[in-house]
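For the record, the sequence lines run as chains A and B.
The numbering of the first sequence is my numbering, which starts it at 41 and goes up by one.
The numbering of the second sequence is my numbering, which starts it at 17 and goes up by one.
Every residue, glycine too, gets a C-beta built ideally from N, C-alpha and C.
Owing to the predicted nature of the structure, the values given are computational and were not obtained by experimental measurement.
The structure under discussion appears below in the form of structure tokens.
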Amino acid sequence: MSTRDSILARIRQNRPQATALPDIHAVPFIRYDNPFEAFATLIRNLGGDAVQLAAGQSVADVVAARWPDAGRTVDLTVAGHEEVDDPHAWHDVDVAIVPGQLAVAENATVWVSHPDNHFRSIYFLTQKLVLVVPRDAMVDTMRDAYARIDMAEHGFGAFISGSSRTADIEQSLVMGAHGAMAALVIFV
Amino acid sequence: MKDDSVKHPQAAAEFLKDRAQAKWHDSAIWWVRQKRDAQAKQLPEWEELRRLAREIKAHTLSQLDDYLAQFEANAQKNGVTVHWAADADEHNRIVHDILAARQVKKLVKSKSMLTEECGLNPYLEQRGIEVVDTDLGERIVQLRHEAPSHIVMPAIHLKKEQISELFHKELGTEAGNNDPTYLTHAARANLREHFLTADAGLTGVNFAIAETGGVVVCTNEGNADLGTSLPPIHIASMGLEKIIPKLEHLGVFTRLLARSAIGSPVTTYTSHFHQARPGGEMHIVIVDNGRSDILGNEDFYQSLRCIRCGACMNTCPVYRRSSGFSYSYIIPGPIGSTLGPSRDMKKHGSMAFACSTCGSCSNVCPVKINLHEQLVLHRKKAFDQNLLPTGKKMGLLAMRFLTQHPALFDLGGKVMRKVVPIIPESLTRHSAWSRAGRDLPPMPAQSFKEQYQQRSQNKKDKQDKKDKEEQQ
Chain A
41 MSTRDSILAR
51 IRQNRPQATA
61 LPDIHAVPFI
71 RYDNPFEAFA
81 TLIRNLGGDA
91 VQLAAGQSVA
101 DVVAARWPDA
111 GRTVDLTVAG
121 HEEVDDPHAW
131 HDVDVAIVPG
141 QLAVAENATV
151 WVSHPDNHFR
161 SIYFLTQKLV
171 LVVPRDAMVD
181 TMRDAYARID
191 MAEHGFGAFI
201 SGSSRTADIE
211 QSLVMGAHGA
221 MAALVIFV
Chain B
17 MKDDSVKHPQ
27 AAAEFLKDRA
37 QAKWHDSAIW
47 WVRQKRDAQA
57 KQLPEWEELR
67 RLAREIKAHT
77 LSQLDDYLAQ
87 FEANAQKNGV
97 TVHWAADADE
107 HNRIVHDILA
117 ARQVKKLVKS
127 KSMLTEECGL
137 NPYLEQRGIE
147 VVDTDLGERI
157 VQLRHEAPSH
167 IVMPAIHLKK
177 EQISELFHKE
187 LGTEAGNNDP
197 TYLTHAARAN
207 LREHFLTADA
217 GLTGVNFAIA
227 ETGGVVVCTN
237 EGNADLGTSL
247 PPIHIASMGL
257 EKIIPKLEHL
267 GVFTRLLARS
277 AIGSPVTTYT
287 SHFHQARPGG
297 EMHIVIVDNG
307 RSDILGNEDF
317 YQSLRCIRCG
327 ACMNTCPVYR
337 RSSGFSYSYI
347 IPGPIGSTLG
357 PSRDMKKHGS
367 MAFACSTCGS
377 CSNVCPVKIN
387 LHEQLVLHRK
397 KAFDQNLLPT
407 GKKMGLLAMR
417 FLTQHPALFD
427 LGGKVMRKVV
437 PIIPESLTRH
447 SAWSRAGRDL
457 PPMPAQSFKE
467 QYQQRSQNKK
477 DKQDKKDKEE
487 QQ
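As structure tokens, this is what we get:
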């Protein structure tokens, strides 16, 4: 018998007593009166920031005002942006502006998933990550978020919350472990 | 690799010799436990989430073979190659075969307790493959040639001065610069080079979704993501208990994991891997290594619900005061103390005795594993299999005799309360109690039983008096 079949056979033989799958939608979860406020307050503790685009303002204006001396900037939210065929080519990106599909109020995460996975590495290689999210694409909790996600669509997706961080040295929180050193969420 | 000849009491005594560091270890970890509590209080549905998580996992284990087969079929549909490993050796062989066939020279690894369990690093290194652990804590213990002392905070046993010295020697950082930000960013620069030049990346798995055939990996550093989006090969090693039925169930587990683990609302990156990066390939190795045997054990199979958050370690008064290195199994603390003896009672039996049965681990466990009850059952097993040191066995037999004869127990207490206060200190200084730097506690005038009886009598007298007054 193959390893696969012998493992499955042993599991079948050792199965614990059958129990039912609970209905995770039957339980009321937390709701936020002002989800943006909850999101923005939380992300500041997680090494990020959140702003709402004012009338007449563009994403590029906000980014330029925040980082006037930015190096290589790649903006995936505009048509005709640059493309590469090797994920390593993003290694010196300073600011990446990427579309975010969904924001979650309870933990200040943004769901990113791109039809072209050549861009996958840019989320993590960039020094500063700007996530652009439609104002109305905000949900309260992760349960609501998963209800809106189609995993089969792109084969890769991530919830990103603030900047990369670690506390592995004496529990001191340090921003900028391997991924982005700073994160900015712009609601448009 | 972990030394499985460790006996908990001796190793803990060794750790406690450096009193200052032991005290720091205790308080650093307790701080994480407090952060966990603060997070739990912010969600009114916290206890409901724990119940749901427990029930989802219990259900999944009861149909694990079906869910694993479903997972495999869906992963294959996504173009992922699925492998099965009966034990650690087979797992290591499969990983090596994949790497060797593609002439991989360098592998970047994200944190995985399973590969520690299997001893993958030395296996690959002996075969000429450079393995770079990329989680900062894991990298630190790798450079020190140590195993992680905690499953979420691998280097929690070290002070920044020790890490500064290590980095000075290994990475050429400034001597004496102990600033955690400086040290972290030095490691960042060094590891980035490794990410950009690696031929393959390996990750663990936090959750595997049967419905979609993909795996989820949670990190704060982004190392799993760099390690899988840059090199062309991604290998994910998963214990077969990591399965959950549907994508929607992640909404329960991703809410519990980081809050329980580090007191944070979520990890920075919660990444869902269903396909290789363009031009690459993705492999998933499903590992048994004793898990299907535990599944068949009525007393202990609940431990397979574990999502490896480490909350039980952070709350455990014994773990905090003895460190992860005093446990023989690769996973320390309460969960390791039930998994270890379930695997091999002879090697890991002493772990189950490193427990005060306070029950705090069971109270914080996000999937409600009855940890302290399992530890008591393991002790019984160790006793029945005659695996205890003679002194401990005799002590337990004496205690059993005493508790079975209440009159003798009372008398013993009475004698102790009279005799202990008049024993000269020179005689007790070398007792097991005093050696650890403790004074003998003052003896109470009455036993608990006497105090309880008196209290009940007082209450009754009061009630009688009240009744009498009302009658008059």
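Asked                                                                                                                                                                                              : Found
Would you mind telling me which residues of chain A sit closer than 8 Å to Glu61 of chain B, beta carbon to beta carbon, in chain order?                                                           : Val67, Pro68, Phe69, Ile70
Between B:Leu59, B:Lys33, B:Ala74, B:Gln37, which has its C-alpha nearest Ala60 of chain A's C-alpha?                                                                                              : B:Ala74
Identify whether Leu32 of chain B lies in helix, strand or coil by the three-state DSSP scheme.                                                                                                    : coil
What in chain A is Cβ-close to Ile156 of chain B, meaning under 9 Å?                                                                                                                               : Asp208, Ile209
Could you tell me how far apart the beta carbons of Thr181 of chain A and Phe76 of chain A are, in whole angstroms, since I believe they sit closer than 8 Å?                                      : Not really, about 15 Å apart at Cβ, beyond 8 Å.
Under 6 Å Cβ to Cβ from Gln167 of chain A, same chain only, skipping five residues before and after it: list those, please.                                                                        : Asp134, Met221
When the Cα of His499 of chain B is compared with those of B:His299, B:Asn379, B:Gly326, B:Phe417, which residue comes out closest?                                                                : Nothing about residue 499 of chain B can be read from this structure; chain B reaches only from 17 to 488.
Shorter than 8 Å from the beta carbon of Ile260 of chain B to some beta carbon of chain A?                                                                                                         : no
Tell me the rounded alpha-carbon separation between Lys384 of chain B and Ala216 of chain B.                                                                                                       : 37 Å
Could you spell out the range, first to last residue, of the alpha helix (DSSP H) harbouring Asp180 of chain A?                                                                                    : First-last for Asp180 of chain A: undefined, no H or E at that position.
Between Asp156 of chain A and His194 of chain A, what straight-line distance do the alpha-carbon atoms span, to the nearest angstrom?                                                              : 8 Å
Kindly list, in the order they appear in chain D, the residues whose Cβ is closer than 7 Å to that of Phe164 of chain A.                                                                           : Of the protein chains in the structure, A and B, none is chain D.
Here's the rule I'm using: 16 or more other beta-carbon atoms within 10 Å means buried, otherwise exposed. How should Pro460 of chain B be labelled?                                               : exposed
Could you please give the first and the last residue of the uninterrupted alpha helix (DSSP H) stretch that includes Glu146 of chain B?                                                            : Careful: Glu146 of chain B lies outside any alpha helix (DSSP H), inside the beta strand (DSSP E) at 146-149.
Tell me where the alpha helix (DSSP H) around Ile351 of chain B begins and ends.                                                                                                                   : 349-359
Taking 8 Å as the cut-off, decide whether the C-beta atoms of Gln86 of chain B and Ala226 of chain B are in contact.                                                                               : yes
The alpha helix (DSSP H) that contains Tyr139 of chain B, what's its start and end?                                                                                                                : 136-142
Count the CB pairs spanning the segment 394-412 of chain B and the segment 421-434 of chain B that are closer than 8 Å, and state whether there are at least three.                                : no
Does chain A have any CB closer than 8 Å to the CB of Gln142 of chain B?                                                                                                                           : no
Gln92 of chain A lies in the beta strand (DSSP E); which residues open and close that run?                                                                                                         : 88-92
If you measure between the beta carbons of His265 of chain B and Ile47 of chain A, is that distance less than 8 Å?                                                                                 : no
Determine, using beta carbons only, whether Asn74 of chain A comes closer than 8 Å to chain B.                                                                                                     : no
Nearest to Val303 of chain B by CA position, among B:Leu84, B:Phe417, B:Ala452, B:Val435, is which residue?                                                                                        : B:Leu84
Taking DSSP's pairing of strands, which residues face Gly224 of chain A in a bridge?                                                                                                               : The sequence shown places Leu at residue 224 of chain A, not Gly. DSSP output for Leu224 of chain A lists A:Asp89, A:Val170 as bridge partner(s).
Where in the segment 63-100 of chain B do unbroken runs of the alpha helix (DSSP H), each at least 4 residues long, occur, reported from the N-terminal end onward?                                : 80-93
Please work out which residues of its chain come closer than 6 Å, Cβ to Cβ, to Thr113 of chain A, disregarding the five sequence neighbours upstream and downstream, and give them in chain order. : Val135
Does DSSP put Cys234 of chain B in a helix, a strand or coil?                                                                                                                                      : strand
Which whole-angstrom value describes the C-beta separation of Gln337 of chain B and Ala38 of chain B, a residue pair presumed to lie in contact below a C-beta threshold of 8 Å?                   : Note on residue identity: the sequence assigns Arg, not Gln, to residue 337 of chain B. Contact flag correct, Cβ pair sits at about 6 Å.
Measure the C-alpha to C-alpha separation of Asp34 of chain B and Gln178 of chain B and round it to an integer number of angstroms.                                                                : 14 Å
Cα separation between Gly192 of chain B and Ala28 of chain B?                                                                                                                                      : 30 Å
DSSP state of Lys122 of chain B, grouped into three classes?                                                                                                                                       : strand
Grouping DSSP H, G and I as helix and E and B as strand, with all else coil, what is Glu61 of chain B?                                                                                             : coil
Could I get the ranges of all uninterrupted alpha helix (DSSP H) runs contained in the segment 61-148 of chain A, with 4 residues as the minimum, in chain order?                                  : 75-85, 99-106
Given a cut-off of 8 Å, decide if Ser376 of chain B and Val233 of chain B are closer than it, judged by their beta-carbon atoms.                                                                   : no
Could you spell out the range, first to last residue, of the alpha helix (DSSP H) harbouring Tyr163 of chain A?                                                                                    : 162-165
In three-state terms, what does DSSP make of Ser245 of chain B?                                                                                                                                    : helix
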